[in-house]
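Input: a single structure, listed below in structure tokens.
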Amino acid sequence: MQISAIQDLLPADILAFMLVFSRVGAMTMSLPALGEATIPTRARLMLALGLTLVLVPLVGNLYPPGVRSMPAMLAGMVISEALVGLIIGLLLRIVMGSVQVAGNVIATQTGLAFAQGLDPTQGAQGALISLFLSLMAVTLIFMGDLHHLLIGGIAHSFTLFPPGKMPAAPDLAQLAIGMVSGMYLIGMQMAAPFIVFGLVVYGGAGVVARMMPQLQVFFLVTPLNILAGFVILALSISTMMMWFLDDFASRVQPFLPQ
1 MQISAIQDLL PADILAFMLV FSRVGAMTMS LPALGEATIP TRARLMLALG LTLVLVPLVG
61 NLYPPGVRSM PAMLAGMVIS EALVGLIIGL LLRIVMGSVQ VAGNVIATQT GLAFAQGLDP
121 TQGAQGALIS LFLSLMAVTL IFMGDLHHLL IGGIAHSFTL FPPGKMPAAP DLAQLAIGMV
181 SGMYLIGMQM AAPFIVFGLV VYGGAGVVAR MMPQLQVFFL VTPLNILAGF VILALSISTM
241 MMWFLDDFAS RVQPFLPQ
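Listed below in structure tokens is the structure:
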């Protein structure tokens, strides 16, 4: 009687829509750019529903036909689809951490590490330069149409990870390690000019302090350090962000049709 009631309440089309939405909704809420906290929740929900409506005719037949008559299997399928979507979204969100790493290094080297603000992309306190780079990264992703790659990744995920099959743990761990290591690598490369600048400035300040102990080196160097940091940022920010966008596209590429 219970199985019959579920079959009556969940026709095949509605069931397929619910299963596809479980994955698409989780990915839309966790992906970078598309799932930012600054985007209203209703807008993200409408995007997820719209993508689901488009994908159901394409991928709805990938789900086992007998899942509708087995409540336990249906519940497990919904949970596994949501987990797959969440895993993919969080893996790609790691890429956005490179601008956080670069921003924190730049803020430290220029003496602005204590200038904190609320980062809406992370929902936590962060350096103002890190906040600026994060917002610029999200803006450039949309301006460069890279969000189309994310939408393509959502569609291809049903081929890459067929419904009902969880990603292999060793492969998932290796992918996560590669994402995290790449995040720190790109972040440090973006901040490389400021690291060199900081070594030169603080090394020179140390030599001057040793030669002239009576000179207030800190009060002399700090304003010049901040000014020079802003000049270097203005000169290098275009190259930094292009580097980030190239890395972002390369990180999304494995989730797209080859």
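The opening position of the sequence shown corresponds to residue 1 in my numbering, with each subsequent residue numbered one higher.
Every residue gets a Cβ at the ideal spot worked out from N, C-alpha and C, and that includes glycine.
Predicted, not measured: the structure shown is a model, and the values here were computed from it.
>> Distance check for residue 196 and residue 60, CA to CA, integer angstroms please.
In response: Roughly 54 Å between the two C-alpha positions.
> residue 114 to residue 191, Cα distance in whole Å?
Replying inline: Looking at the two C-alpha atoms, the distance is approximately 18 Å.
>> Quick check: what's the CA-CA separation for residue 243 versus residue 225?
In response: When rounded, the separation of the alpha-carbon atoms in residue 243 and residue 225 is 25 Å.
> What first and last residue would you give for the alpha helix (DSSP H) that runs through residue 110?
Replying inline: From DSSP, residue 110 is part of no alpha helix (DSSP H); its letter is neither H nor E.
> Taking the continuous alpha helix (DSSP H) assigned at residue 81, which residues delimit it?
Replying inline: For residue 81, the enclosing alpha helix (DSSP H) has its first and last residue at 71-93.
> Taking Cβ to Cβ, would you say residue 208 is nearer than 8 Å to residue 215?
Replying inline: In this structure, residue 208 lies near residue 215, with their beta-carbon atoms less than 8 Å apart.
> Can at least three beta-carbon pairs, one atom from the segment 157-165 and one from the segment 126-141, be found at a separation below 8 Å?
Replying inline: The segment 157-165, when compared against the segment 126-141, does not touch it at the 8 Å Cβ threshold.
> Three-state secondary structure (DSSP) at residue 202?
Replying inline: Of the three classes helix, strand and coil, the one that applies to residue 202 here is helix, per DSSP.
>> Whole angstroms are fine: how far does the CA of residue 97 sit from the CA of residue 21?
In response: Separation of residue 21 and residue 97 (C-alpha to C-alpha, rounded to the nearest whole angstrom) is 27 Å.
> Can you tell which of 155, 235, 181 and 229 has the C-alpha that lies nearest to the C-alpha of residue 50?
Replying inline: Comparing alpha-carbon positions, the option among 155, 235, 181 and 229 lying closest to residue 50 turns out to be 155.
>> Could you give the first and the last residue of the continuous alpha helix (DSSP H) run that contains residue 34?
In response: Per DSSP, residue 34 lies in no alpha helix (DSSP H) segment and is marked neither H nor E.
> Is the segment 79-93 in contact with the segment 36-54, if contact means three or more CB pairs nearer than 8 Å?
Replying inline: The segment 79-93, when compared against the segment 36-54, does not touch it at the 8 Å Cβ threshold.
> With a CB to CB cut of under 6 Å and the five nearest residues on each side skipped, what residues in its chain are close to residue 205?
Replying inline: Excluding positions up to five away in sequence, the list reads 217 and 221.
>> Does residue 203 pass the burial test, meaning 16 or more other C-beta atoms within 10 Å, or should it be called exposed?
In response: So residue 203 ends up on the exposed side.
>> Check this for me: beta carbons of residue 19 and residue 77, under 8 Å apart or not?
In response: Contact flag set, yes.
> With distances taken between CB atoms, is the gap from residue 183 to residue 89 smaller than 8 Å?
Replying inline: Cβ distance not < 8 Å, so residue 183 and residue 89 don't count as in contact.
> Where does residue 215 sit, in a helix, a strand or coil, going by DSSP?
Replying inline: Here residue 215 sits in coil by DSSP.
> What is the DSSP secondary structure of residue 256, reduced to helix, strand or coil?
Replying inline: If DSSP states are grouped into helix, strand and coil, residue 256 belongs with coil.
> Out of curiosity, what's the CA-to-CA distance linking residue 103 and residue 63?
Replying inline: In this model, residue 103 and residue 63 are separated by some 44 Å (Cα to Cα).
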